[in-house]
Amino acid sequence: MTAPPALELEKVVVRWQPGSPAVLDGVSLSLAAGERAALIGLNGSGKTTLLLATVGVVPSEGTIRVAGTVLAPRTAAQVRRRVGFLFNLPEDQLLFPDALEDTALALWRRGEGREAALSRAAAMLAALGVGEAAGKPLAELSHGQKQRVALAGVLVAEPPLLLLDEPSAGLDPPGKLELARLLVSLDAALLMATHDLEFAARVCTRVLLLEGGAIAWDGRDVREPARRWGLAPG
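Quick note: the sequence shown uses our numbering, first residue 149, plus one each step.
Right under this line is the structure:
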């Protein structure tokens, strides 16, 4: 039996108020299991809104399915358990003052023992190049380190679908390369909102260009969006 797509959106519309202009205006897309797609667009194009709508944080019209399950009030918790979500600002995600415990939180929530969860959390922090953060308060970390700690908390539970909002923001070039290699090695499907075209090209095999709340282009590399933005020859 063929597995359902990791993510499906059918004619998804988001408005902040009834009757106001649509932030997302009939977005439809399908992401296969294991597929990695970059969602790119200028500021205000609706990238973050689309990610938030996918897990029901933002109310929407239309249909959203995660691994075949339709997002609805009664299924929202079930859908969110299948999704690893990275917010744009790590401060919106990190809950514990200690980096190691924050990373282990997702494992504790699903009943894993304390020592086993902490061991897996430490290994994930090390894989993301911030193993030294395990013994430090979050307040002492740089923005880039906090970003990687937040991502570690997302990845440690091995969700089948990752929704990442600007995961390379605040990372130096070696940190970006390390993160790109890790994301490529994962089996999870990935939808990544980003402005970083070079990072998108390293990680993703598909590019979705969001303009005016709609998918304006769907292709295999970043040269067409770059051309539209005046960053590449026409």
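Each residue gets a CB set at the ideal place from its N, CA and C atoms; glycine is no exception.
How long is the line joining the alpha carbons of Val206 and Arg262, rounded to whole angstroms? When rounded, the separation of the alpha-carbon atoms in Val206 and Arg262 is 33 Å.
Taking only beta-carbon atoms, is Leu199 less than 8 Å away from chain D? This model lacks chain D altogether; it includes just one protein chain.
Arg230 and Pro308 - do their beta-carbons sit closer together than 8 Å? For Pro308 and Arg230, yes; Cβs fall inside 8 Å.
In terms of residue numbering, what span does the beta strand (DSSP E) encompassing Lys159 cover? Leu155 to Val162 is the span of the beta strand (DSSP E), which, as asked, contains Lys159.
Can you give me the C-alpha to C-alpha distance between Ala384 and Phe235, rounded to a whole angstrom? Residue coverage of the chain in this structure runs from 149 to 382, which leaves residue 384 outside it and unanswerable.
Is it right to say Ser193 is buried, meaning 16 or more other beta carbons lie within 10 angstroms of its own, or is it exposed? Buried: at least 16 other Cβ atoms inside 10 Å.
Could you tell me if Glu280 is buried or exposed, where buried requires 16 or more neighbouring beta carbons within 10 angstroms of its beta carbon? Glu280 counts as exposed, since fewer than 16 other beta carbons sit within 10 angstroms of its beta carbon.
Helix or strand or just coil, what does DSSP make of Thr217? In the three-state DSSP reduction, Thr217 falls in the strand class (E or B).
Have a look at Lys159, Ala305 and Val355 and flag the residue whose alpha-carbon is nearest the alpha-carbon of Ala264. The shortest Cα separation from Ala264 among Lys159, Ala305 and Val355 belongs to Ala305.
What is the C-beta distance between Asp335 and Gly182, in whole angstroms, given that I count them as a contact (C-beta under 8 Å)? Contact between Asp335 and Gly182 holds: CB atoms are separated by about 6 Å, below the 8 Å threshold.
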